[in-house]
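Here is the structure we will look at.
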Amino acid sequence: MEMPDLYHKSHHEVKRDSGLYLQAYYSKMKWHIDGGENFCEIGAGPGDVSFNYVFPSIPANYGKIVFSDISKDMLDFFKSNYKLPSKCEFKVMDIAAKQGVPTELEGLFDHVISMLVMHWVSDTRMALKNMLSLLRPQGGDCFMTFFSFNNIFAANYHMAKVDQKWSPFIKNEECFVSSFHFSQDPQAEFTEMMMEAGYSHISVSVKPVAYHYGDRYQFIENIRPVCGILSYIPKAMQSEFMDDYIDVMAKLGAQHRGLKETDCENMMIADLIVASGNKLGTISN
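Our numbering numbers the first residue of the sequence shown as 40 and each following residue consecutively.
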């Protein structure tokens, strides 16, 4: 996903819902009276979610915020398009890196936020471990939203492994499908992963969601920035590919929900995981 400008303009309702879940979570938070709490956002992307939902959710007397992303292009777009206080910093970082997080960030934060990111990470268990290491030794909390099922993932897998027309073009399809896509119980599986990583006071819920994007053109324009496998398709064939792709999205979304295919046209059908957990020894909110 390397189209900061297009991604910034797309999926407003998806981002809004994640932002509202964060705001609801933080509305129950007992902030330090004297302030100074540090925040780290994982996968900040082009900055619209950060600016519209993260900032309004935290106390004005915070200590610092570090916005991180695996993509330098995303962070450059963020910095170029939003005016931020001097207490904000940017860090290019892969949260699933096997070598862990940068040493200077270990144990620095009171709160870690990951919005619509975990379905893209290469190693979920490592990402959970690394996020925990960002929290202070005396404790902190982590809030996450991500998709377990999404008809985008379903279409990615279908086009890469099943579709005889397009599969010869596509490689590394596992990078474009959530690790929970085929899970029979993603809620229980992710809860177990959080427990194994060392989190306490764990909360994991699954929210079935559906988003309608209007007409076919608008839908394609919104899906294009998150269709990672599109980069494998020759440019001269990409328009044809996207037409086939969104037809497959409708078919597989309908199968997942038990609906008619015509009822799922121009729609993202997904299961959104909303999760939180504390570092051992912290006091539950």
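We treat Cβ as the ideally placed atom computed from N, Cα and C, and that holds for glycine.
How about the region 111 to 123 and the region 60 to 76: do they share at least three Cβ pairs that are nearer than 8 Å? no
Short Cβ contact (8 Å threshold) for Ala289 with Glu300: Taking the sequence shown and counting its residues from 1, the one referred to as residue 289 is at position 250. Taking the sequence shown and counting its residues from 1, the one referred to as residue 300 is at position 261. Taking 8 Å as the cut-off, the Cβ atoms of Ala289 and Glu300 count as close.
Entirely enclosed alpha helix (DSSP H) segments - the region 190 to 255, minimum 4 residues: 190 to 196 and 225 to 236
Helix, strand or coil, according to DSSP, for Ala136 in the structure here? For this step, residue 136 is matched to residue 97 along the sequence shown. DSSP places Ala136 in coil when its eight states are reduced to three.
What residues in its chain sit with their C-beta under 7 Å from that of Met198, if we drop five residues either side in the sequence? Position 159 of the sequence shown, counted from the start, is the residue given in the question as residue 198. Correct list, in chain order: Trp205, Ser206, Ile209, Ile268, Tyr284 and Val287.
When you compare only the Cα positions, how much space is there between Ile312 and Val245? By 1-based counting over the sequence shown, the position of residue 312 is 273. By 1-based counting over the sequence shown, the position of residue 245 is 206. About 5 Å.
Looking only at its chain, what residues have a beta carbon closer than 7 Å to the beta carbon of Leu291, apart from the 5 residues adjacent to it on each side? In the sequence shown, counting from the first residue as 1, residue 291 sits at position 252. Only residues of its own chain outside the window of five on either side were considered, and among them Asn190, Ala193, Ala194 and His197 have a CB closer than 7 Å to the CB of Leu291, listed in chain order.
Determine, using beta carbons only, whether Asn261 and His50 come nearer to each other than 8 Å. The residue you call residue 261 lines up with position 222 of the sequence shown. The residue you call residue 50 lines up with position 11 of the sequence shown. Taking 8 Å as the Cβ cut-off, Asn261 and His50 qualify as a contacting pair.
Going by DSSP, what residues sit across from Ser315 in a beta bridge? Stepping through the sequence shown from its first residue, residue 315 is reached at position 276. For Ser315, the beta-bridge partners assigned by DSSP are Phe182 and Ser242.
What's the call for Ser323, buried or exposed, on a 16-neighbour Cβ count within 10 Å? In the sequence shown, residue 323 corresponds to position 284, counting from 1. At Ser323, the pLDDT of 45 sits below 50, so the modelled position is not reliable; the number obtained from the coordinates is stated separately. Exposed is the call here.
Return the chain-ordered ranges of every beta strand (DSSP E) run that is complete within the region 85 to 172 and spans a minimum of 3 residues. 103 to 108, 127 to 131 and 150 to 154
Roughly how many angstroms separate the alpha carbons of Ile152 and Val243, rounded to a whole number? In the sequence shown, counting from the first residue as 1, residue 152 sits at position 113. In the sequence shown, counting from the first residue as 1, residue 243 sits at position 204. Between Ile152 and Val243, the C-alpha separation is close to 15 Å.
Can you list, in chain order, the residues of its chain with a C-beta nearer than 6 Å to that of Glu52? Leave out the 5 residues immediately preceding and following it. Your numbering for residue 52 matches position 13 in the sequence shown. Cβ contact annotation for Glu52 (same chain, cutoff 6 Å, sequence separation greater than five): Tyr250, in chain order.
Would you tell me roughly how many angstroms separate the C-alpha atoms of Asp149 and Leu171, rounded to the nearest one? Working through the sequence shown from its first residue, we reach residue 149 at position 110. Working through the sequence shown from its first residue, we reach residue 171 at position 132. So the alpha carbons of these two residues sit roughly 10 Å apart.
Would you be able to state if there are at least three C-beta pairs under 8 Å between the region 172 to 182 and the region 275 to 282? The region 275 to 282 is not in contact with the region 172 to 182.
Whose CA, out of His295, Val265 and Leu298, lies closest to the CA of Leu155? The residue labelled residue 155 in the question sits at position 116 within the sequence shown. The shortest C-alpha separation from Leu155 is found at Val265.
Kindly indicate which three-state DSSP category Met306 falls into: helix, strand or coil? Mapped onto the sequence shown, residue 306 falls at position 267. It is a strand residue.
Reducing DSSP to helix, strand and coil, say where Glu76 ends up. Counted from its first residue, the sequence shown places residue 76 at position 37. Glu76: coil per DSSP, three-state reduction.
Is the shortest distance between the beta-carbon of Lys118 and the beta-carbons of chain D less than 8 Å? The chain labelled as chain D is not found in the depicted structure, where only one protein chain is given.
Nearest neighbour of Pro225, chosen from Gln203, Phe185 and Glu212 [CA to CA]: For the purposes of this step, residue 225 is taken as the residue at position 186 of the sequence shown. The candidate whose alpha carbon is nearest that of Pro225 is Phe185.
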